[in-house]
Amino acid sequence: MLHLENTSFGYGPITICQNINLEIKAGEIVCLLGRNGMGKTTTLEGIMGLNDQHTGRVHLKNENISSKPAHKRARLGIGLVPQGRRIFADISIRDNLRLGTLAGNDKCQPIPEMILESFPILSERLNQKANTLSGGEQQMLAIGRALAGEPQLILLDEPSEGLAPIVVEAIGELISHLRSHGMTIFIAEQNLSFALDVSDRGYVMEKGRIVLDGDTELLQSHKTVREYLVV
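Residue numbers (my numbering): 45 to 275.
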């Protein structure tokens with residue numbers, strides 16, 4: 045589904061992430077672990093085409109998309125849930141979700157039925173303003189908005205950030221539910237237990253480089269992983 049080959053990302057002349065090599069197979073959930081400021085967000089934004097790619101190639105389903113802008117990558121099947129949610133606070137839940145459909149189409153489309161089924165708490169309150177939702181509900185709305193474009197690969201940037209443990213558990217259950225619908229998911233996280241609980245495999249990032257990778261069982265038992273995530 046996704047293959048990064050010796051990619052380096054940054055902003056203008058400044059390189060943040062260097063020589064990133066990783067791959068995600070269709071239907072997998074893969075996490076990118078690391079402390080804040082290590083380059084996780086830069087990597088996800090690079091995959092989405094939101095910053096500058098200095099070296100290497102980004103392949104989506106064996107197609108080199110390195111030169112494509114973000115809106116074309118969205119049309120090809122990538123959805124991003126940004127860190128901090130970034131919902132449209134002053135409009136309704138319905139309109140947030142309908143705007144999400146623009147990622148895959150030229151005009152707003154009806155909200156896909158799968159989203160209404162997956163997010164019952166949102167479907168019951170479609171006319172409510174987004175800024176009246178709790179933090180966990182806003183995170184679900186951000187995920188639902190990304191899914192409204194019907195992507196094949198969804199990028200989640202720190203989905204557990206700032207949420208109570210019971211809400212984090214609910215987000216984990218939602219991610220597992222999305223997998224059952226065939227979704228491929230790449231999660232950037234510093235919450236080790238959450239990320240490894242929901243993922244098949246993971247990569248560990250330190251100062252803009254991948255320093256370790258393996259399946260979740262290996263990473264769970266690897267003492268070095270916890271050292272990389274200690275602030």
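Idealized CB from N, CA, C, for every residue including glycine.
{"Asked": "How would you label VAL275, buried or exposed, when you count the other beta carbons within 10 angstroms and need 16 or more for buried?", "Found": "Caution applies to VAL275, whose pLDDT of 43 falls short of 50 and renders its modelled position unreliable; the value that the coordinates give is listed next. Classification for VAL275: exposed."}
{"Asked": "CB-CB under 8 Å to VAL74, same chain, minus the five flanking residues each way: which ones, in chain order?", "Found": "LEU66, ILE68, ILE229, PHE230, ILE231, SER243, ASP244, ARG245, GLY246 and TYR247"}
{"Asked": "Can we say the region 251-258 touches the region 55-66, given the rule of at least three CB pairs closer than 8 Å?", "Found": "yes"}
{"Asked": "Spell out the partners DSSP gives THR59 in its beta bridges.", "Found": "GLY54"}
{"Asked": "Do HIS98 and HIS47 count as a contact pair if the criterion is CB distance below 8 Å?", "Found": "no"}
{"Asked": "Using a threshold of 8 Å, state whether the C-beta atoms of SER202 and GLU233 are closer than that.", "Found": "A quick correction: the sequence has Glu, not Ser, at residue 202. Taking 8 Å as the Cβ cut-off, GLU202 and GLU233 qualify as a contacting pair."}
{"Asked": "How big is the Cα-Cα spacing for GLN153 and ILE165?", "Found": "21 Å"}
{"Asked": "Identify the residues that DSSP records as bridge partners of ASP259: which are they?", "Found": "ARG245"}
{"Asked": "Among the residues of its own chain, which have a CB less than 6 Å from the CB of GLY144, if the five just before and after it don't count?", "Found": "ARG189, ALA192 and GLY193"}
{"Asked": "Any idea if LYS84 is buried or exposed, counting beta-carbon neighbours within 10 angstroms, 16 or more meaning buried?", "Found": "buried"}
{"Asked": "Applying the criterion that 16 or more other CB atoms from any shown protein chain within 10 Å of the CB defines a buried residue, is GLY35 buried or exposed?", "Found": "The question about residue 35 has no answer here: the residues shown for the chain are numbered 45 through 275."}
{"Asked": "For GLU233, report the span of its beta strand (DSSP E) as first-last.", "Found": "228-233"}
{"Asked": "For ILE210, name the three-state secondary structure that DSSP assigns.", "Found": "helix"}
{"Asked": "How many angstroms separate the CA atom of MET227 from the CA atom of ARG142?", "Found": "20 Å"}
{"Asked": "By the three-class DSSP mapping on this structure, what secondary structure does HIS266 have?", "Found": "coil"}
{"Asked": "Rounded to whole angstroms, what's the CA-CA distance from SER224 to LEU218? Just pull it up for me.", "Found": "10 Å"}
{"Asked": "According to DSSP, GLN97 sits in a beta bridge with which residue or residues?", "Found": "PHE53"}
{"Asked": "How would you label PRO195, buried or exposed, when you count the other beta carbons within 10 angstroms and need 16 or more for buried?", "Found": "buried"}
{"Asked": "Suppose the cutoff is 7 Å on Cβ atoms and the five residues either side in sequence are ignored; what does the same chain contact list for ILE159 look like?", "Found": "LEU141, GLY188, LEU191 and ALA192"}
{"Asked": "Hey, how far is the Cα of THR176 from the Cα of GLU168?", "Found": "14 Å"}
{"Asked": "Using the Cα positions of HIS115 and LEU185, report the straight-line distance between them to the nearest angstrom.", "Found": "20 Å"}
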